[in-house]
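*Asks:* Residues 1462 to 1674 in my numbering are what the sequence shown lists, from first letter to last.
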Amino acid sequence: MAQVITPEKAATFVKDGCRVMIGGFMNCGTPPKIIDALLASGAKDLTVIANDNSMTGKGISKLVAEKRLKKTISTHLGLNPETGVQMAAGDLEVEVMPQGTFAERIRCGGAGLGGVLTPTGVGTVIEEGKQKFVIDGKTYLLELPLRADVALLKGWRADKHGNIVYRLATRNFQPMMAMAADIVIVEVDEIVDAINPDHIHTPGILVNYLVQG
């Protein structure tokens, strides 16, 4: 049975220097109460693994604006101009990759795999510093798995065992992230007694804590 905790308690699991996966796509599926509590906690030097840094004034962008990030690992940054400003100034380390590669690296981290071979990025700046393999005459990059100390996710509905249902597009990267972090905390809109097993997207065995959204 997943323990229900406050957003403030959830933030205490994110220590200075932590690697944090945060669900969402353009803030769709990012946990607002936990983000605000994390901001208030003062945690800093974070490596945030998320699809993007959200839009100015929303979600992850609040952490960026307060310079709480040491590094961002994501797929695009154009929605948040402050990320670009800090990157240009040398205040923020940025790792950007194709979105499919991002998803596969997280999946590998959750599945315990050593990485994924992909042709995406060959012949571009994406290949810099990466091992390349030629298989049947085709060149592939070895992309290494991504894991995190903590995953902060946003669900629609949970039961008391921590089984999670995501609503529509908010599912995005969250089921994969739930498998690739040591501690998984999910902010949900409602907590019910039971969920039809056919409707579960993330099984409760992966979820450590719930936050009532």
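The beta-carbon is built from N, C-alpha and C at its ideal position, and this holds for glycine as well.
Taking C-alpha atoms, which residue in 1473, 1585, 1583 and 1566 lies nearest to residue 1576?
*Replies:* Residue 1576 has its Cα closest to that of 1566, out of 1473, 1585, 1583 and 1566.
*Asks:* Taking the alpha carbon of residue 1657 as the reference point, which residue from 1536, 1525, 1620 and 1487 has its own alpha carbon closest?
*Replies:* The candidate whose alpha carbon is nearest that of residue 1657 is 1620.
*Asks:* Apart from the five residues just before and just after residue 1469, which ones in its own chain have a Cβ nearer than 6 Å to its Cβ?
*Replies:* Excluding sequence neighbours, residue 1469 sits near 1498.
*Asks:* Closest to residue 1569 by CA distance: which of 1525, 1604, 1599 and 1617 is it?
*Replies:* Ranking 1525, 1604, 1599 and 1617 by Cα distance to residue 1569 puts 1604 first.
*Asks:* For residue 1586, count neighbouring Cβ atoms within 10 angstroms of its own Cβ and tell me buried if that reaches 16, exposed if not.
*Replies:* Under this definition residue 1586 is an exposed residue.
*Asks:* Using the beta-carbon count (16 or more within 10 Å), is residue 1681 buried or exposed?
*Replies:* Shown here, the chain extends from 1462 to 1674; a query on residue 1681 therefore has no answer.
*Asks:* Give the straight-line distance between the Cα atoms of residue 1649 and residue 1463, rounded to the nearest whole angstrom.
*Replies:* Answer to the nearest angstrom: the Cα atoms are 12 Å apart.
*Asks:* Count Cβ pairs between the segment 1499-1515 and the segment 1471-1479 that sit closer than 8 Å; are there 3 or more?
*Replies:* Output reads yes: the segment 1471-1479 touches the segment 1499-1515.
*Asks:* When DSSP labels each residue in this structure, what does residue 1635 get in the three-state scheme?
*Replies:* Helix at residue 1635.
*Asks:* In the structure shown, what three-state DSSP assignment does residue 1613 receive?
*Replies:* Residue 1613: strand per DSSP, three-state reduction.
*Asks:* Give me the residue from 1581, 1529 and 1547 with the minimum Cα distance to residue 1560.
*Replies:* Ranking the options by Cα distance to residue 1560, first place goes to 1581.
*Asks:* Which of helix, strand or coil does DSSP assign to residue 1538?
*Replies:* Correct three-state label for residue 1538: coil.
*Asks:* Hey, residue 1478 and residue 1496: beta-carbon distance below 8 Å or not?
*Replies:* In this structure, residue 1496 does not lie closer than 8 Å to residue 1478 by Cβ.
*Asks:* Tell me the DSSP secondary structure of residue 1474 in three-state form.
*Replies:* DSSP places residue 1474 in coil when its eight states are reduced to three.
*Asks:* Are residue 1564 and residue 1516 close, meaning C-beta to C-beta below 8 Å?
*Replies:* No.
*Asks:* Within this structure, are the beta carbons of residue 1612 and residue 1572 separated by less than 8 Å?
*Replies:* In this structure, residue 1572 does not lie closer than 8 Å to residue 1612 by Cβ.
*Asks:* Grab me the residues of residue 1506's own chain with a C-beta within less than 6 Å of its C-beta, minus the 5 sequence neighbours each way, in chain order.
*Replies:* So the list reads 1477, 1478 and 1531, once near-sequence residues are dropped.
*Asks:* I need the straight-line Cα distance from residue 1553 to residue 1529, nearest angstrom please.
*Replies:* Roughly 10 Å between the two C-alpha positions.
*Asks:* CA-CA distance, residue 1665 and residue 1550?
*Replies:* Cα to Cα, the separation comes out at about 42 Å.
*Asks:* Where residue 1644 and residue 1662 are concerned, what is the direct C-alpha to C-alpha distance, given to the nearest angstrom?
*Replies:* Each residue's Cα considered, the two are about 18 Å apart.
*Asks:* Report the residue from 1607, 1597, 1596 and 1504 whose alpha carbon sits nearest the alpha carbon of residue 1512.
*Replies:* Of the candidates 1607, 1597, 1596 and 1504, the one whose C-alpha sits nearest the C-alpha of residue 1512 is 1607.
*Asks:* Please state whether DSSP places residue 1506 in a helix, a strand or coil.
*Replies:* Three-state result, residue 1506: coil.
*Asks:* Would you kindly work out how many angstroms separate the C-alpha atoms of residue 1673 and residue 1646, rounded to a whole number?
*Replies:* Near 11 Å, if we compare the C-alpha coordinates of residue 1646 and residue 1673.
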